[in-house]
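Residue numbers (my numbering): 736 to 1398.
The structure appears right after this line, and notes come after that.
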């Protein structure tokens, strides 16, 4: 009887393996597995799932010894056949290499955790299959369809894109293709999900929400892989979906920095991954926005791949902001705050007029609680969290709260430094707005969307915000985007519109511009209450003049060699000792600057050097940054990159490739 051949398999365990170590390990089996199969293996005396990355025949003992191991462990069993397809394996390898990250972490993202199917309940919703779309929007959608025949990737600039999106998705479905729709956050995910259910029904729609039950997530993943679901909507991680036949990718609010995962490993940009989809599928990628990122606009414009809204309103918007009824409200000390300590008389007037007509008001503020800080008017003392060195904000419960670590302390009756009883609050939080508006408009329904609330509570609150008529919605700046989906919206108002203008980062003005632009619409008013009414970024945003902002930003960034003229790599070090945090970065800085064929002189465009983070301290640890901008054509040799990654892992330094900013 002929003996079965023994195979050696390259397996990557689905664990949090550091990027500095080998990501594939050798196992043996007489069973023939395929690349992408999910198997169970013993890794360091722990049973864990792993992905088959490669296979070779091992019929002789000498061939086994090539692995450098005395004894090769066997694969325990198969968990799932073809859990990842070949194109997914290629894409995930490519992504891990680009972001200097662990392949195991990216593979783990691509494999959803399986739970019992019996725990999943799916309510079937029938869609109408129709939506209102005018001739101009139809022509716009047809123009995009014609353009994608020449180039696979386009930037679509328009303030009213929803109906164009629906037309394009319908076009993809008619071709029996799948459409991926990416949004930056849960606010837009829930809003678009509600709209897509009405139009397409639940039979064709798969939703990827990080708050979903594991069983629901796995079922959506299975339905996508089988081709049953034609429309896939989700936040950034949805780009790792198991698509069967992808025919369209739409990235809405493509300028939004939330598409880049910056706060946990692996750090990646979903837009960069979406750009690679045409390499594996015959699918165009549409970047939709009303205010494109300066960097993205620069590259799309060079490729002549920009499609602009052809509406008459859009063409003259740059000169006449009143078309969208958008304007700035001066909140300086001389202005009248009659009836309120935080809202100007003009804002109160607009609010009252709209409520009288049963119209809904969306009020946005950049912070939580009652106020963003408080200070002593005599000595100027401002209390900060000792763990994070950031200003406390005050809550309605009379507590001071740290926005980073949630540390609380009692609100002092007098200044801890000079004992003066006069304490002044600065800034406007969601709780303070809520309290003020309850007094000014008694009996009026007020909905507060709290970013801290998760799951069903937040989802239900957002659903109310999408349908409320003749009420007030209060929340963060991000939640103001829900206004576009509520047909009863009368006005969108930024209360402290200047809050983020003075962040020490080169993207501060651009981000403020984008906050305003993404809520602009012809159906309601937009107001910005600010103490800095002459600020250029705000004026250009409310005037819809992206080109002025773009020209201004590019001129400055070219001088400083900042993106789009370089690729930023940020190294983040944290330690309880301030000097130790700096020393960790010095080691990496020395590796980069070590002369090796003139790399530093030829390849480095921007050297931010080592400087404190913002804030300097988080959860009892000092934060320091090293930011280096590489020239667009620069290539870091493999050995030097390997040395940097190994040093970073050993020192606990985080690497953020193509960082969105300096802080």
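Backbone N, C-alpha and C define an ideal beta-carbon position, used for all residues, glycine too.
Exercise for review: Please check the pair residue 972 and residue 823, which I expect to be a contact at CB under 8 Å, by giving their CB distance rounded to whole angstroms.
Suggested key: Actually they are not in contact, since the Cβ atoms of residue 972 and residue 823 sit about 14 Å apart, beyond 8 Å.
Exercise for review: Kindly indicate the opening and closing residues of the beta strand (DSSP E) around residue 968.
Suggested key: Residues 966 to 969.
Review point. So, residue 812 versus residue 773, is the Cβ gap smaller than 7 Å?
Key: Contact flag unset, no.
**Study point:** Cβ neighbour criterion (16 or more within 10 Å) applied to residue 935
**Key:** Residue burial annotation: residue 935 is buried, with at least 16 other C-beta atoms found within 10 angstroms of its C-beta.
**Study point:** Buried or exposed by the 16-neighbour rule on C-beta atoms within 10 Å, applied to residue 1244
**Key:** Taking a 10 Å sphere around the C-beta of residue 1244, we find 16 or more other C-beta atoms and assign the residue as buried.
Check your understanding: If you run the structure through DSSP and keep just helix, strand and coil, what is residue 1286?
Key -> In the structure shown, the three-state DSSP call for residue 1286 is helix.
Review point. Between 1169, 1272, 790, 1352, which lies nearest to residue 1097 when the distance is taken from Cα to Cα?
Key: Residue 1169 holds the alpha-carbon nearest to the alpha-carbon of residue 1097 among 1169, 1272, 790, 1352.
Exercise for review: Find the nearest neighbour of residue 865 within the set 887, 1283, 848, 899, judged by alpha-carbon distance.
Suggested key: Sorting 887, 1283, 848, 899 by C-alpha distance to the C-alpha of residue 865 places 899 at the top.
Review point. Under a three-way DSSP split, which group does residue 943 fall into?
Key: Note: residue 943 maps to strand in three-state DSSP.
**Study point:** Euclidean distance between Cα positions of residue 1033 and residue 1373
**Key:** Straight-line Cα distance between these residues: approximately 29 Å.
Exercise for review: Give the DSSP-derived three-state secondary structure of residue 724 in the structure shown.
Suggested key: The structure shown does not extend to residue 724, since the chain is modelled only from 736 through 1398, so no value can be given for it.
Review point. Excluding five sequence neighbours on each side, which residues of the same chain lie with their C-beta closer than 8 Å to the C-beta of residue 797?
Key: Any reading at residue 797 must be qualified, since the residue scores a pLDDT of 45, below 50, and its modelled position is unreliable; the value itself is stated next. Cβ neighbours of residue 797 within its own chain (closer than 8 Å, five residues either side excluded): none.
**Study point:** Coarse secondary structure for residue 1474, derived from DSSP in three states
**Key:** What is shown of the chain runs 736 to 1398, which leaves residue 1474 out entirely.
Exercise for review: Using 10 angstroms around the beta-carbon of residue 1055, count the other beta-carbons present and answer buried if the total reaches 16, otherwise exposed.
Suggested key: Because the pLDDT at residue 1055 is just 40, under 50, the model does not fix this residue reliably, and the value given afterwards should be weighed accordingly. Exposed, by the Cβ-count rule.
Point to revise | Residue burial classification, residue 1273 (beta-carbon count within 10 angstroms, cutoff 16) | key: For residue 1273, the number of other beta carbons within 10 angstroms of its own is at least 16, and it is reported as buried.
Exercise for review: Please determine if the segment 1199 to 1218 and the segment 1079 to 1096 are in contact, where contact requires at least 3 C-beta pairs separated by less than 8 Å.
Suggested key: Yes, the segment 1199 to 1218 is in contact with the segment 1079 to 1096.
Check your understanding: To the nearest angstrom, how far is it from the Cα of residue 870 to the Cα of residue 937?
Key -> So the alpha carbons of these two residues sit roughly 28 Å apart.
Point to revise | Inter-residue Cα distance where the pair is residue 1212 and residue 993 | key: Rounded to the nearest angstrom, the gap between the Cα atoms of residue 1212 and residue 993 is 13 Å.
Practice item. Drop a sphere of 10 angstroms on the beta-carbon of residue 854, count the other beta-carbons inside from all chains shown, and report buried for 16 or more, exposed for fewer. Key: Here residue 854 scores only 46 on pLDDT, less than 50, and its place in the model is too uncertain to base an answer on.
**Study point:** 6 Å Cβ shell around residue 941 - same chain, five flanking residues per side excluded
**Key:** Here the set comprises 955, 958, 959, 964, 967.
**Study point:** Inter-residue spacing [alpha-carbon to alpha-carbon] between residue 1104 and residue 1127
**Key:** Because residue 1104 carries a pLDDT of 48, less than 50, the predicted location of this residue cannot be relied on, and no value is offered for it.
Check your understanding: What are the start and end residues of each continuous beta strand (DSSP E) run of 3 or more residues lying completely inside the segment 1335 to 1364, in chain order?
Key -> For the segment 1335 to 1364, the continuous beta strand (DSSP E) assignments of 3+ residues that do not extend past its boundaries occur at 1339 to 1353, in sequence order.
Exercise for review: Please list the segments of the alpha helix (DSSP H) lying wholly inside the segment 809 to 883, counting only runs of 4 or more residues, in order along the chain.
Suggested key: Within the segment 809 to 883, the runs of alpha helix (DSSP H) that reach at least 4 residues and sit entirely inside it are, in chain order, 821 to 833, 838 to 845, 870 to 882.
Review point. Less than 7 Å separating the beta-carbons of residue 1365 and residue 1302?
Key: A contact, by the Cβ cut-off of 7 Å.
**Study point:** Assigned exposure category for residue 779 - 16 Cβ within 10 Å defines buried
**Key:** The residue in question, residue 779, is exposed, as its Cβ has fewer than 16 Cβ neighbours within 10 Å.
Practice item. Locate the alpha helix (DSSP H) running through residue 1227, then write down its first and last residues. Key: For residue 1227, no alpha helix (DSSP H) segment is defined; the enclosing uninterrupted segment is the beta strand (DSSP E) at 1224 to 1229.
Check your understanding: Helix, strand or coil: how does DSSP classify residue 889 here?
Key -> For residue 889, the secondary structure class from DSSP, reduced to helix, strand or coil, is strand.
Point to revise | Backbone CA spacing between residue 1357 and residue 1321 [nearest angstrom] | key: Cα to Cα, residue 1357 sits roughly 15 Å from residue 1321.
Check your understanding: Can you give the Cα-Cα distance for residue 746 and residue 1282, rounded to whole angstroms?
Key -> Answer to the nearest angstrom: the Cα atoms are 50 Å apart.
Practice item. Could you give the DSSP three-state label for residue 1199: helix, strand or coil? Key: Helix, per DSSP.
Check your understanding: From which residue to which residue does the beta strand (DSSP E) around residue 1134 run?
Key -> 1134 to 1136 is the extent of the beta strand (DSSP E) around residue 1134.
Practice item. Can you give me the start and stop residues for the beta strand (DSSP E) that residue 1265 sits inside? Key: Looking at the DSSP string, the run of the beta strand (DSSP E) that includes residue 1265 is 1260 to 1265.
Review point. Are the Cβ atoms of residue 1264 and residue 1079 separated by less than 7 Å?
Key: Going by C-beta atoms, residue 1264 is nearer than 7 Å to residue 1079.
Review point. For the beta strand (DSSP E) that residue 746 lies in, which residues bound it at each end?
Key: In the DSSP annotation of this structure, the continuous segment of the beta strand (DSSP E) that includes residue 746 starts and ends at 742 to 748.
Check your understanding: Are any of the Cβ atoms in chain C nearer than 7 Å to that of residue 1213?
Key -> You won't find chain C in this structure, because it holds only one protein chain.
Practice item. Select from 1308, 790, 833, 1327 the residue whose C-alpha is nearest the C-alpha of residue 1346. Key: Taking residue 1346 as reference, the option from 1308, 790, 833, 1327 with the minimal CA-CA separation is 1308.
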